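Using our numbering, count along the sequence shown one by one with no gaps and you end on 387.
To keep things clear, I will list the structure first and then write my remarks on it.
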Amino acid sequence: MKVIVIGLGAMGSAAAQHLAERGCSVRGFDQFTPPHSQGSSHGLTRIFRQAYFEDHRYVPLLIRSFELWQKLERDTGGRLLHLPGALVLGPVNGRLVKRSAESATKFGLPHEILGASELKRRYPVFDIRPDTHGLLEKNAGYLRLEGCVEQHLRQAAKAGAKLHTNKPILDWQDEQPGSSITVRTAKGTYSADHLVITAGPWAPQVLASLALPMRTTRQVLYWFSPKGSIEHYREDRLPVYLIEAEGNELLLYGFPLTGPDSEGVKVALHGSEEACTPQTICRDIRLSDEQSIRARLANTLPELAGRLLRAETCLYTVTPDENFLLGTHPHNPAVTIAAGFSGHGFKFAPVIGEIIADLVLLGSTAANIDMFSLNRFRSAQPVPP
Ligand SMILES: Cc1cc2nc3c(=O)[nH]c(=O)nc-3n(C[C@H](O)[C@H](O)[C@H](O)COP(=O)(O)OP(=O)(O)OC[C@H]3O[C@@H](n4cnc5c(N)ncnc54)[C@H](O)[C@@H]3O)c2cc1C
3 MKVIVIGLGA MGSAAAQHLA ERGCSVRGFD QFTPPHSQGS SHGLTRIFRQ
53 AYFEDHRYVP LLIRSFELWQ KLERDTGGRL LHLPGALVLG PVNGRLVKRS
103 AESATKFGLP HEILGASELK RRYPVFDIRP DTHGLLEKNA GYLRLEGCVE
153 QHLRQAAKAG AKLHTNKPIL DWQDEQPGSS ITVRTAKGTY SADHLVITAG
203 PWAPQVLASL ALPMRTTRQV LYWFSPKGSI EHYREDRLPV YLIEAEGNEL
253 LLYGFPLTGP DSEGVKVALH GSEEACTPQT ICRDIRLSDE QSIRARLANT
303 LPELAGRLLR AETCLYTVTP DENFLLGTHP HNPAVTIAAG FSGHGFKFAP
353 VIGEIIADLV LLGSTAANID MFSLNRFRSA QPVPP
């Protein structure tokens, strides 16, 4: 079967690999040369965790993703997944600790619950309040994201995929469901039996005719040189972490030191109200960005807020319920869509690639993807083709 993939970022690179390895004749297109810094997949690292507070229905997908990341490492001989653990911090009955514990218990994921005094003893970098609890998950940590995209693309090419970079797809035709799909570039057209659209933050534009509810927002990542000793931030002492938001605050998350000391320690806020597109995003770092991260660090990791070494912007593509959009195009069974990863999709990339290959080749998947249905926001009145 001939398949065209539009977008070779996190999801498209994985889809290209799985489709090519399962015997499809794959042509992948990207407007840039991935990994690149214009979309949602840059900034060195992404958190990987399985005890999912967001919804326990994600856990089977994460367990499969964990296997597939490890397989990718074995097949390519490179280290992509680091497992210093993941620590969620918050009130014992708060969303992060309670719901992570529920997911971990339900699926038998190795974890520990830590009280305030133990947290203070093990992790002196945090400002721990007496009512703070922590859940430390063992098989969790971070992925080296640019390496992950590179390796997925390399494996795809090895399995025969033809990858076209710096070649934007200008439009695609789906006017005759059941016939072949044609995509147009500045230099010519290409046809295939099936089209996969993994356009990341460009998805609202590429899929404009479907008017799927997706909002792209501006996010900022920061790398600080800590005020005190950097030793506390080394990977053997500090896991990745997420700290529950209170009131109007945003969830804070961060990483241990993942590179040379001179790179600094990465930290960020999850979510933002600043809507933009990949074309309109303000990529400059404003004084107000730095002020907001420093304000949040002041009562969570005060010693981390030393000199700001570097900061960069990135884009989330968020759905109203923050669950993904994954499935077959509502009006054309020859088009598969994966979008709206809502700021937490990277860790799923290989399992999303596998599911896309199922949908393309079998028309269905054994994985439970009901909550990602493209129709869930329009149950009242389906939009006619
Ligand atoms: C700051 C930040 C922190 C995050 N942290 C985490 C985390 O810790 N853990 C986690 O699991 N997830 C995290 N995420 C989310 C995760 O990174 C994203 O969900 C994921 O990278 C999205 O992948 P994608 O393939 O949808 O988009 P992308 O990787 O951006 O890929 C889309 C690709 O499509 C191409 N494209 C678009 N339109 C066209 C066209 N017309 N023609 C050709 N090519 C086209 C683009 O050039 C791009 O390469 C974070 C995201 C951000 C921004």
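All C-beta atoms, glycine included, are put in the ideal place defined by N, C-alpha and C.
Quick caveat: nothing in here was measured; it's all calculated off a predicted structure.
When the options are compared against residue i, the one with the closest alpha-carbon
i    : options                   : result
D57  : L165, V99, D238 and Q33   : V99
I371 : P36, R59 and G45          : R59
L327 : L363, R378, V337 and Q281 : R378
L85  : P36, G117, Y144 and S119  : Y144
G365 : R124, H331, W174 and R186 : H331
T279 : L89, R146 and P206        : P206
A307 : A270, T319 and A340       : A270
H113 : L91, G87, S193 and L317   : G87
R26  : A359, M373 and L82        : First, the residue type needs correcting, since residue 26 is Cys and not Arg in the sequence shown. Ranking the options by Cα distance to C26, first place goes to A359.
Own chain partners of residue i with C-beta closer than 7 Å, once the 5 adjacent residues on each side are dropped
i    : result
P304 : D129
A188 : L172
S274 : T219, R220 and Q221
A382 : With a pLDDT of 46 at A382, under the threshold of 50, the modelled position of that residue is not reliable, and no figure is offered here.
Residues near residue i by beta carbon distance below 6 Å, same chain, minus five either side
i    : result
L121 : I130 and G136
I357 : T367 and A369
A103 : L137
L89  : G136, L138, P241 and Y243
Inter-residue spacing [alpha-carbon to alpha-carbon] between residue i and residue j
i    : j    : result
G110 : S344 : 26 Å
A210 : P322 : 17 Å
E237 : T260 : 7 Å
G162 : I6   : 13 Å
A17  : F348 : 13 Å
R217 : A247 : 21 Å
R44  : A12  : As written in the sequence, residue 44 is His, which differs from the Arg given in the question. Distance between the alpha carbons of H44 and A12: 10 Å.
G79  : K160 : 15 Å
V127 : Y235 : 8 Å
I287 : I295 : 12 Å
P384 : S39  : Reliability of the predicted coordinates at P384 is poor, the pLDDT of 45 falling under 50, and the value obtained from them is presented with this limitation in mind. Approximately 36 Å between the Cα atoms of the pair.
K169 : S375 : 30 Å
E75  : I115 : 30 Å
V208 : G202 : 10 Å
I8   : V198 : 6 Å
P155 : G249 : Per the sequence shown, residue 155 should be read as Leu rather than Pro. Between L155 and G249, the C-alpha separation is close to 42 Å.
Q33  : G96  : 42 Å
L63  : N141 : 14 Å
Heavy atom of ligand 2 within 7 Å of residue i beta-carbon
i    : result
L317 : As for ligand 2, it is missing from this structure, which binds only ligand 1.
Close Cβ partners of residue i (< 8 Å) along its chain, the five nearest in sequence each way excluded
i    : result
P386 : Residue placement at P386 is flagged as unreliable, the pLDDT there being 45, under the threshold of 50; the coordinate-derived value follows with that caveat. Contacts found: none.
V61  : Q52, A53, Y54, S105, K108, F109 and L111
T35  : T167 and N168
R298 : E251, L252, L254 and L271
Does the structure place the region 217-225 close enough to the region 301-317 that three or more beta carbon pairs sit under 8 Å? Yes, the region 301-317 touches the region 217-225.
Length at least 3, wholly inside the region 52-104: the beta strand (DSSP E) runs in chain order: You should have 88-93.
Are the region 294-304 and the region 248-257 touching, with three or more C-beta to C-beta distances below 8 Å? Output reads yes: the region 248-257 touches the region 294-304.
Going residue by residue through the region 244-310, where are the continuous beta strand (DSSP E) segments of at least 3 residues, counting only ones entirely within it? Fully enclosed beta strand (DSSP E) runs of 3 or longer: 253-256 and 267-272.
Extract the residue ranges of the alpha helix (DSSP H) inside the region 123-196, only unbroken runs of 4 or more that lie entirely within it. Counting whole runs of 4 or more residues, the region 123-196 contains the alpha helix (DSSP H) stretches 147-160.
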